[in-house]
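Residue 3 is where the sequence shown starts when you use my numbering, and the numbers rise one by one after that. Let me begin by presenting the structure, written as structure tokens, before commenting on it.
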Amino acid sequence: MCPVACIDKLLRCEQLGYWGKMDSFQLSLLRKELKTKLYTEAKSVSSWISQIFDIHYTVQGCVSLLNRMGFTYKKTSEIPCEADHDRQEEFMKELSRVLEKKDSKSIVYYADGVHPTHNSRSTYAWIEKGEEFPQPTVSGRDRVNINGLLSAYDVTDVIAHDCDSVNALSTKALYEKALIKHPEASVIYIISDNAKYYRNKDLREWIKGTKIVQWFLPAYSPNLNLIERLWKFLRKKVINIGFYRSKEMFRKAVMNFFARIDEYKEELESFLTLNFRLYNSKTFSLD
């Protein structure tokens, strides 16, 4: 056989065998099965294929098949069972209507408190095969308490209030900082969860005399609070990668992150988009 014919035969074999032993209909059924039932092992997927189609894959062969289909092995997403999917979508539509009508002097913040623990945590990193990368830890469970605001439209506009406790008093102090920072604002919308300190009677009475308007997320909806992603980014950049011998060193590292927030602008702009994944699997954009 001539070289050209050999190459042609090999290419045709590769094309025919790319999806292995399954045809498009079988693959569509497998995809539906994987999207409706949780499989924690490739071996279990291989067994299902064998039982349903009488087609046999090794574990590694099944892994390769799943990768080609666009599936990857990763952690599941935790969803509060109390979350109301319809209420989430209704809230986002209502918020979208309000934001579309806001004027150029309106400010929109997302609010939340975070309590990073003074202790190192194991994390994923690139480590040489067969080697370990030890991370020192400290004893104790001391925390740093941060009451924070994140602008919906400027990832570098972050107000982080270092406080003894995240409560109504520290929230009032946080809101006062927002008013001082934006004296020309026509209104300052603050979107938060339903924590008691946001709904505190004295705080809400004080708010009536200011430019602040509170918006409360539906219950059990951390997926709709943009600042939750900032806390995740903070853990990745500061909390999980360094060792801080004292609580004060840890506190300074956390606050230094906010002081240098401009340095992370490019990364944050791709991470803190106004695209939100609802618990009914829909994506809602406020852009």
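Heads up, the beta-carbon is just placed ideally off N, CA and C, and yes, glycines get one too. No experiment lies behind these values; they were computed from the predicted model shown.
| query | result |
| --- | --- |
| Am I right that T173 and D264 are in contact with their C-beta atoms under 8 Å? What's the rounded C-beta distance? | No, T173 and D264 are not in contact; Cβ-Cβ is about 26 Å, not under 8 Å. |
| From R145 to T119, what does the alpha carbon distance come to, in whole angstroms? | 4 Å |
| If we count the other Cβ atoms within 10 Å of its Cβ and call it buried at 16 or more, is L151 buried or exposed? | buried |
| Judging by CA-CA distance, which residue of T38, E178 and A85 is the nearest neighbour of K213? | E178 |
| Check for me: the beta strand (DSSP E) holding F2 runs from which residue to which? | Given that the chain is displayed from residue 3 to residue 289, the structure contains no residue 2 and the question cannot be resolved. |
| In or out: L40 buried (at least 16 other Cβ within 10 Å) or exposed? | exposed |
| Between the alpha carbons of P185 and K210, how many angstroms are there, rounded? | 17 Å |
| What number of angstroms, rounded off, separates the C-alpha of E250 from the C-alpha of G115? | 19 Å |
| Please report the distance separating the alpha-carbon of V110 from that of S26. | 48 Å |
| Let me check understanding here. Comparing Cα to Cα, which of I54, K104, I193 and K37 lies closest to A221? | I193 |
| Going by beta-carbon coordinates alone, are Y191 and V215 separated by less than 8 Å? | yes |
| Less than 8 Å between C-beta atoms, sequence neighbours within five positions excluded: which residues of the same chain meet that for Y20? | The predicted position of Y20 is uncertain, since its pLDDT is 47 and thus under 50; no value can be drawn from it. |
| Mind reading off the beta-carbon distance from S52 to S108? Whole number of angstroms is fine, and I expect it under 8 Å. | Their Cβ separation, rounded to whole angstroms, is 59 Å, which puts S52 and S108 out of contact at 8 Å. |
| Hey, quick one: how far does the beta strand (DSSP E) through V191 stretch, first residue to last? | What sits at residue 191 in the sequence shown is Tyr, not Val. Element bounds for Y191: V189 to S194. |
| Spatial neighbours of A197 within its chain, please: CB distance less than 6 Å, with the 5 preceding and 5 following residues excluded, ordered by chain position. | none |
| Touch check for the region 231-239 and the region 259-275: three-plus C-beta pairs under 8 Å? | yes |
| Have a look at L288 and Y59 and give me their C-alpha separation to the nearest angstrom. | 45 Å |
| Within the continuous beta strand (DSSP E) that includes D150, where are the two ends? | Rather than Asp, the amino acid found at residue 150 in this sequence is Gly. Looking at the DSSP string, the run of the beta strand (DSSP E) that includes G150 is N147 to S153. |
| Please state whether the Cβ-Cβ distance between D195 and N227 is less than 8 Å. | yes |
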